[in-house]
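Numbering follows this note's numbering, with no gaps: position 71 of the sequence shown is 52. Even glycine gets a Cβ: it sits at the ideal position worked out from N, Cα and C. Model, not experiment: these values are computed from the prediction.
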Amino acid sequence: MDPVLEFLSENSSSIRTPKSRSTYREQLCATERALGKCLLEASGEELVSHLQACGLAPSTVKLRRSVLRSFYRWAVRSGRLDRDPTLALDDMKVQARPVRRHNWLSPEEVGRLLDHWDDTPAGVRNRAGVALLALCGLRASEAVGLTWGDVDLDRRQLHVLGKGGKHAEVGIPSEAAKRLRLWRERLDAVGWETQWVLPALAHTHVGWVLRGGPLSYKGLLAAVAGGASDLFGRRVRLHDLRRSLAGMLEDRGVPVTDIQRVLRHSSVATTQRYLADNPSKGVQVLQDFEL
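Laid out in structure tokens, this is it:
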């Protein structure tokens, strides 16, 4: 059996979500292709050379290094290797991550994005996707992994498998419930049966059809980024919608500890970092200034 598949199979309890398993497999297989050999045959020097010369963004290099460390720790524990070659990565320096400009959407912009798409199945689905991100505060991986069994529209609650495999109950604002109901009604009207709240769709010569699985992260990003570019002329990432929700809540006077609970951060310090660049703060300071 392929070592990568063995690793993923034997660590399924710790690598729980489909998004995480896909990321691990993608990073490990990409490293194997670059090295031209099985990972179990690679030396520490080869891994260092690969990570230094791969040309990936610093954040991706750090991700790949972390995934490789997990894989080789498993290989040593299971007796497939005597020594962990990623020990050679300990002294490898990764250049500082460039500062990324965050995009903050106002309530008006979120409303425009929710109404951007047409009434095709893909358009109604995309509106539901934006509602999950910008109104419920879901992470992108949580949104694409959400099933209808996780949705209780009567009680307006979502059951989410979140970061680190943690289960959580998330409230659904009325506007988000409206978007989800419209999408559910459209699915029922066309007779499509799917467990995924955001299923992958394809446009064929006979019209829109289900593709059988969930919408991918890249598919959701393409929809949101394309809509935002059309409307606002700037790049908006999926996580910007979650961050914008935090900013909107702060602007309405919601305590930071309550925002922490909404975002399900383990530490309020993380929430405070989220809100540090909220652009409305500087505006409010001057509006309140008097001589």
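Please report the straight-line C-alpha distance between residue i and residue j, rounded to a whole angstrom.
i	j	result
residue 102	residue 66	49 Å
residue 175	residue 271	58 Å
residue 182	residue 86	27 Å
residue 23	residue 240	46 Å
residue -18	residue 140	35 Å
residue 143	residue 120	8 Å
residue 27	residue 12	10 Å
residue 177	residue 133	14 Å
residue 90	residue 105	18 Å
residue 71	residue 49	12 Å
residue 170	residue 152	26 Å
residue 225	residue 179	21 Å
residue 216	residue 205	9 Å
residue 195	residue 250	33 Å
residue 80	residue 255	Interpretation of residue 80 is limited by its pLDDT of 47, a score under 50 that renders its predicted location unreliable; the figure taken from the coordinates is listed afterwards. Spanning the two alpha carbons is a distance of roughly 14 Å.
Start and end of the beta strand (DSSP E) containing residue i?
i	result
residue 195	188 to 195
Let me confirm a value: residue i is counted as buried when at least 16 other C-beta atoms fall within 10 Å, else exposed. Which label applies?
i	result
residue 229	buried
residue 60	exposed
residue 68	exposed
residue 45	buried
residue 247	exposed
residue 257	exposed
residue 187	exposed
residue 238	exposed
residue 221	buried
residue 8	buried
What residue from the options has the CA that sits closest to residue i's CA?
i	options	result
residue 39	73, 97 and 57	73
residue 117	145, 150, 184 and 259	150
residue 31	-12, 173 and 75	75
residue 126	227, 160 and -2	-2
residue 21	33, 0, 128 and -13	-13
residue 16	1, 5 and 35	35
Just to confirm the assignment, what range does the alpha helix (DSSP H) spanning residue i have?
i	result
residue -15	-16 to -9
residue 231	219 to 232
residue 200	198 to 213
Whole runs of the beta strand (DSSP E) within the region 115 to 186, excluding any shorter than 3 residues: 138 to 142, 148 to 152 and 180 to 185
Can you check the region 3 to 66 for any beta strand (DSSP E) of at least 3 residues that lies completely inside it and give the ranges in chain order? none
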